[in-house]
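Trainee: Residue numbers (my numbering): 6 to 245.
#1: Out of 35, 27, 127 and 137, which one is the CA nearest neighbour of residue 188?
#2: Take residue 92 as the anchor and find which of 238, 52, 119 and 140 has the nearest alpha-carbon.
#3: Measuring only the C-alpha atoms, how far is residue 120 from residue 23?
#4: Between which residues of its own chain and residue 236 is the CB-CB distance below 6 angstroms, once the five residues before and five after are set aside?
#5: Note down, one range per segment and in chain order, each alpha helix (DSSP H) of at least 4 residues found wholly within the segment 210-234.
#6: Can you check which of these residues, 32, 192, 67 and 229, is closest to residue 152 by C-alpha distance?
#7: Output the distance between the C-alpha atoms of residue 181 and residue 170, rounded to the nearest integer angstrom.
#8: Please tell me whether residue 143 and residue 96 are closer than 8 angstroms, where the distance is taken between their beta carbons.
#9: Starting from residue 9, trace the beta strand (DSSP E) in both directions and tell me its first and last residue.
#10: Taking C-alpha atoms, which residue in 210, 217 and 38 lies nearest to residue 125?
#11: Which value, in whole angstroms, describes the spacing of the CA atoms of residue 118 and residue 21?
#12: So, at 6 angstroms on beta carbons, what are the nonlocal neighbours of residue 106 in its own chain, with the 5 sequence-adjacent residues on each side left out?
#13: Straight-line CA distance for residue 195 to residue 7?
#14: Since residue 41 is in the alpha helix (DSSP H), which residue starts that stretch and which ends it?
#15: List the DSSP bridge partners of residue 173.
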């Protein structure tokens, strides 16, 4: 059994002075599916209520956690999409408020960051977005910490799923395509259930339609990924 915590900090509220973080309204696109699959597999799945979260609430949530799904959001509530005024600052601030706390107090927790495929395309790509710049900063912050990590960059997300959809992981930085919410949820849970092969790796997630094919071996795909550059360094306790 894995104790999973989901956190969905809103970019535009990253610098909130009232709360430690503001949790996204409605959750990430695959929240309900991931929660259902987690329970079916005997895992515990928890998250704070939508809205403001205090430091004390965050500490209570992660006290017994084995894994954290970190899914930053543009959703400011009531269906309003809110860009941060400064993408990199929003990403770094979320990193300091959440990841630094985990790195100091719970360095054993596996963090699965739900990123976006445009992050890999670079800051000069014509499709770049402010929230992709925030994710780029947050990805770097995560890799520099002490927690084991997996970064999954979702391609275009679709609520439609077909049994023929095969889940594929790629380290092509210019990856593109489509991934169903169910496929993304399954990739996240596979990363959490197989940290020995998923930790220290970054991959984009997409679907291929292959009728009649056997379900994808996600653990095997994670094992075939090249570890991130930062994964070769041993994390030492921080003095102080």
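Don't be surprised by glycine CBs; every beta carbon is placed ideally from N, CA and C.
Mentor: From the atom records:
#1: Taking the chain shown and counting its residues from 1, one reaches residue 188 at position 183. For residue 188, the nearest C-alpha among the options comes from 35.
#2: Locating residue 92 in the chain shown gives position 87, where the first residue counts as 1. With distances taken between Cα atoms, residue 92 lies closest to 140.
#3: Position 115 of the chain shown, counted from the start, is the residue given in the question as residue 120. Position 18 of the chain shown, counted from the start, is the residue given in the question as residue 23. Residue 120 and residue 23: Cα-Cα distance of roughly 26 angstroms.
#4: By one-based count along the chain shown, residue 236 stands at place 231. Excluding residues within five positions, the ones whose Cβ falls inside 6 angstroms are 205.
#5: 223-229
#6: Sequence index remark: in the chain shown, residue 152 carries index 147 (1-based). It is 67 whose Cα lies nearest to the Cα of residue 152.
#7: Counting from 1 along the chain shown, the entry for residue 181 is found at position 176. Counting from 1 along the chain shown, the entry for residue 170 is found at position 165. Those two C-alpha atoms are separated by around 16 angstroms.
#8: Taking the first residue of the chain shown as position 1, residue 143 is located at position 138. Taking the first residue of the chain shown as position 1, residue 96 is located at position 91. Their beta carbons are under 8 angstroms apart, which means residue 143 touches residue 96 by this criterion.
#9: Translated into the one-based positions of the chain shown, residue 9 becomes position 4. Here the beta strand (DSSP E) through residue 9 covers 8-12.
#10: Numbered from its first residue, the chain shown carries residue 125 at position 120. Taking only the C-alpha atoms, the option nearest residue 125 is 210.
#11: As a working mapping, residue 118 is identified with position 113 in the chain shown. As a working mapping, residue 21 is identified with position 16 in the chain shown. Here the alpha carbon of residue 118 sits roughly 21 angstroms from the alpha carbon of residue 21.
#12: In the chain shown, the residue the question calls residue 106 occupies position 101. Non-local C-beta neighbours of residue 106 in its own chain, meaning closer than 6 angstroms and more than five positions away in sequence, are absent.
#13: Counted from its first residue, the chain shown places residue 195 at position 190. Counted from its first residue, the chain shown places residue 7 at position 2. Distance between the alpha carbons of residue 195 and residue 7: 12 angstroms.
#14: Your numbering for residue 41 matches position 36 in the chain shown. Unbroken alpha helix (DSSP H) run through residue 41: 36-45.
#15: Translated into positions along the chain shown, residue 173 becomes position 168. Per the DSSP secondary-structure output, residue 173 pairs in a beta bridge with 211.
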